[in-house]
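Undergrad: Residue numbers for the sequence shown follow our numbering, so the first one is 346 and each next one is one higher.
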Amino acid sequence: MLDFDQPNLSPTDNVRRDILKRLLGVTALSALTPEFLKQAVAADTAGKTLMGPRVPDVKPTQLTDKLYVIKARDKFPTPQNLGFFTNITFLVTSKGVVVLDPSASVEIGRMAIRMIKTVTPKPVIAVINTHYHGDHWMGNQAFAEQFPGIPMYSMKESAEAIKNVLGEQWIQMALKTTDKATRGTVITPPNSFIKDGDVLDFGDTKLNIHHYGKCHTPYDLLVEFSGTPYMHVGDVLMGHRMAGMGDNEGSFLEGMKVLDKIKSNFGDRTFIPGHGQWRNTLLAEEIALFQTLYNTSVAVIKETNDDPNGVGIALKRIKATPFMVEYAKHTPDFENSVAKWTSLAYLEAEQNNF
Ligand SMILES: [Zn+2]
């Protein structure tokens, strides 16, 4: 399942599953249900006739002399937040402004441009999308309009996913979850490709690009700002937020390896996540979260010899851990999220242990 997932989004679950199967190379014969097509047409008609409302200004928070974050209002999309639930990071370099993950609509992108202009007269010269989820690229459109021809970077596979199927899927999901506040937003996929080990040189600032494998999606990028203690991590680390991971998109087991690698190479950084507050403790928290979910599942599977009720036993045990008791206090929609994530972790643990 995708990032926009909330408890009431089930009608399109099967469709999304099929889309992901296709994205991941599995043939799906019947991808679109009549119900989904009806919803899509209704949303599309509304989407093309009007622009969504102007998104209120959010003053950028300055982290260093060059680095800023426009902090999202919430962690999930609602009609009230107009889809602004993903932090936008930007960097003012000697060559111009570089924007990371410009959130989930053209109007949010326009707001970000207005805010950038309050801190520098320099033009935006590049955009980076850390992964293919729409809340990290649907704002691209505003930058393509105002700064025509600029490079928009992602991994090649992320751009392909957006162009193939997921792009339209995200446009529709955003309309649905915001009561059409994101209307007017069209697919503007990344047009330039980066991969692990690449360095983007912006004069006085270099961005080191890392891809450590599958975690939140198969193609997550981590962006290191040379000369600063900060690292932009997209959705590889999320502050008190559980989303995605389903349908073979993410992996707890592979993700734990990714998190370990971040710990050994960048354990001292302050991590800027796509959702929630930037802080150093994000990494330890995400490691504990993944380990609690996955390792408890493995333990229960082994103890019960893969009892059919094992997932319920695992859920109870996971929720009772001191880590989860504390995590729950700060995590929106914890009850639904922990049940979903436990079932995903349990399934993955079963696949790897039996
Ligand atoms: Zn996200």
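Glycine is no exception: its CB is placed at the ideal position from the N, C-alpha and C atoms.
Which stretch, first to last residue, makes up the alpha helix (DSSP H) that contains M456?
TA: From DSSP, the alpha helix (DSSP H) with M456 extends over V451 to V464.
Undergrad: If you follow the beta strand (DSSP E) that G579 is in, where does it begin and where does it stop?
TA: Where G579 is concerned, the enclosing beta strand (DSSP E) stretches over Y575 to G579.
Undergrad: Enumerate in chain order the residues of its own chain whose CB-to-CB distance from F668 is below 8 Å, with the five nearest sequence positions on each side excluded.
TA: Excluding positions up to five away in sequence, the list reads A633, L634 and T637.
Undergrad: Just reading off the alpha helix (DSSP H) that S682 is part of, what are its end residues?
TA: First-last of the alpha helix (DSSP H) with S682: F679 to N698.
Undergrad: Where does P535 land, buried or exposed, given buried means 16+ other C-beta within 10 angstroms?
TA: It counts as buried.
Undergrad: Judging by CA-CA distance, which residue of T687, A673 and E630 is the nearest neighbour of I658?
TA: Of the candidates T687, A673 and E630, the one whose C-alpha sits nearest the C-alpha of I658 is T687.
Undergrad: Would P701 and S537 be called neighbours here (beta carbons separated by less than 7 Å)?
TA: Because the chain in this structure spans residues 346 to 699, residue 701 falls outside the shown range and cannot be described.
Undergrad: Take P493 as the anchor and find which of N485, H478 and P447 has the nearest alpha-carbon.
TA: Minimum Cα distance to P493 is reached at N485.
Undergrad: Is the beta carbon of I415 less than 7 Å from the beta carbon of P422?
TA: Taking 7 Å as the Cβ cut-off, I415 and P422 do not qualify as a contacting pair.
Undergrad: In whole angstroms, what separates the C-alpha of Y309 from that of K685?
TA: Any answer about residue 309 is impossible in this case: the structure gives the chain only from 346 up to 699.
Undergrad: To the nearest angstrom, report how far apart Y477 and A506 are at their CA atoms.
TA: Going by the C-alpha atoms only, they are around 7 Å apart.
Undergrad: Are P447 and D524 close, meaning C-beta to C-beta below 7 Å?
TA: Cβ atoms of P447 and D524: not closer than 7 Å.
Undergrad: Mind checking whether G397 and A526 have CB atoms under 7 Å apart?
TA: Taking 7 Å as the Cβ cut-off, G397 and A526 qualify as a contacting pair.
Undergrad: Give the DSSP-derived three-state secondary structure of P667 in the structure shown.
TA: It is helical.
Undergrad: So what's G370 in DSSP terms, helix, strand or just coil?
TA: Any answer about G370 is weak, because its pLDDT of 42 lies below 50 and its placement is not dependable; what the coordinates show is given next. Coil at G370, not helix or strand.
Undergrad: For S682, collect the residues of the same chain with a Cβ closer than 6 Å to its Cβ; drop the 5 residues on either side in sequence, then sort them by chain order.
TA: Answer for S682: M587, listed in chain order.
Undergrad: Expressed to the nearest angstrom, what Euclidean distance is found between the alpha-carbon atoms of Y672 and L660?
TA: Near 15 Å, if we compare the C-alpha coordinates of L660 and Y672.
Undergrad: Taking the continuous alpha helix (DSSP H) assigned at K608, which residues delimit it?
TA: Unbroken alpha helix (DSSP H) run through K608: F597 to F611.
Undergrad: What is the residue span of the alpha helix (DSSP H) that A629 lies within?
TA: A629 -> alpha helix (DSSP H) spans L627 to E648.
Undergrad: Report the residue from E452, I433 and G591 whose alpha carbon sits nearest the alpha carbon of V444.
TA: The shortest C-alpha separation from V444 is found at I433.
Undergrad: Going along the chain, which unbroken runs of the beta strand (DSSP E) with 3 or more residues stay wholly within the region 498-574?
TA: If we require 3 residues or more, the beta strand (DSSP E) runs fully inside the region 498-574 come out as 544-547, 550-555 and 567-570.
Undergrad: Between the C-alpha atoms of F597 and P466, what's the straight-line distance to the nearest angstrom?
TA: Straight-line Cα distance between these residues: approximately 43 Å.
Undergrad: What's the call for P563, buried or exposed, on a 16-neighbour Cβ count within 10 Å?
TA: Under this definition P563 is a buried residue.
Undergrad: Could you check what DSSP says for L382 in three-state terms: helix, strand or coil?
TA: Any reading at L382 must be qualified, since the residue scores a pLDDT of 49, below 50, and its modelled position is unreliable; the value itself is stated next. In the structure shown, L382 sits in a helix (DSSP, three-state: H, G or I).
Undergrad: Are the beta-carbon atoms belonging to V603 and Y557 less than 7 Å from one another?
TA: Taking 7 Å as the Cβ cut-off, V603 and Y557 qualify as a contacting pair.
Undergrad: Skipping 5 residues on each side, what residues in its chain have a beta carbon closer than 7 Å to that of Q491?
TA: So the qualifying residues of the chain are I458.
Undergrad: Does the Cβ-Cβ distance between H555 and D580 come in under 7 Å?
TA: No; because the gap between Cβ atoms is not below 7 Å, this pair is not in contact.
Undergrad: Measuring only from the beta carbon, is T573 closer than 6 Å to any heavy atom that is part of ligand 1?
TA: Flag unset: Cβ of T573 not near ligand 1.
Undergrad: With A489 as the anchor, note down where its alpha helix (DSSP H) starts and where it stops.
TA: Looking at the DSSP string, the run of the alpha helix (DSSP H) that includes A489 is N485 to Q491.
Undergrad: Just to confirm, does T527 get its C-beta within under 6 Å of one of the non-hydrogen atoms of ligand 1?
TA: False, no ligand heavy atom lies under 6 Å from that Cβ.
Undergrad: What are the residues that DSSP puts in a beta bridge with A417?
TA: BP columns for A417 are empty, so no partner.
Undergrad: With R418 and F430 assumed to form a contact (beta carbons below 8 Å), what rounded beta-carbon distance in angstroms separates them?
TA: About 7 Å; that satisfies the 8 Å criterion.
Undergrad: Given a threshold of 16 other Cβ atoms within 10 Å of its Cβ, counted over all protein chains shown, does Q517 qualify as buried or as exposed?
TA: The residue is buried, with at least 16 neighbouring Cβ atoms inside 10 Å.
Undergrad: In the DSSP assignment, find the beta strand (DSSP E) that holds I473 and state where it starts and stops.
TA: I473 -> beta strand (DSSP E) spans V469 to I473.
Undergrad: Would you say the beta carbon of T523 comes nearer than 6 Å to a heavy atom of ligand 1?
TA: Incorrect: T523 has no Cβ contact closer than 6 Å to ligand 1.
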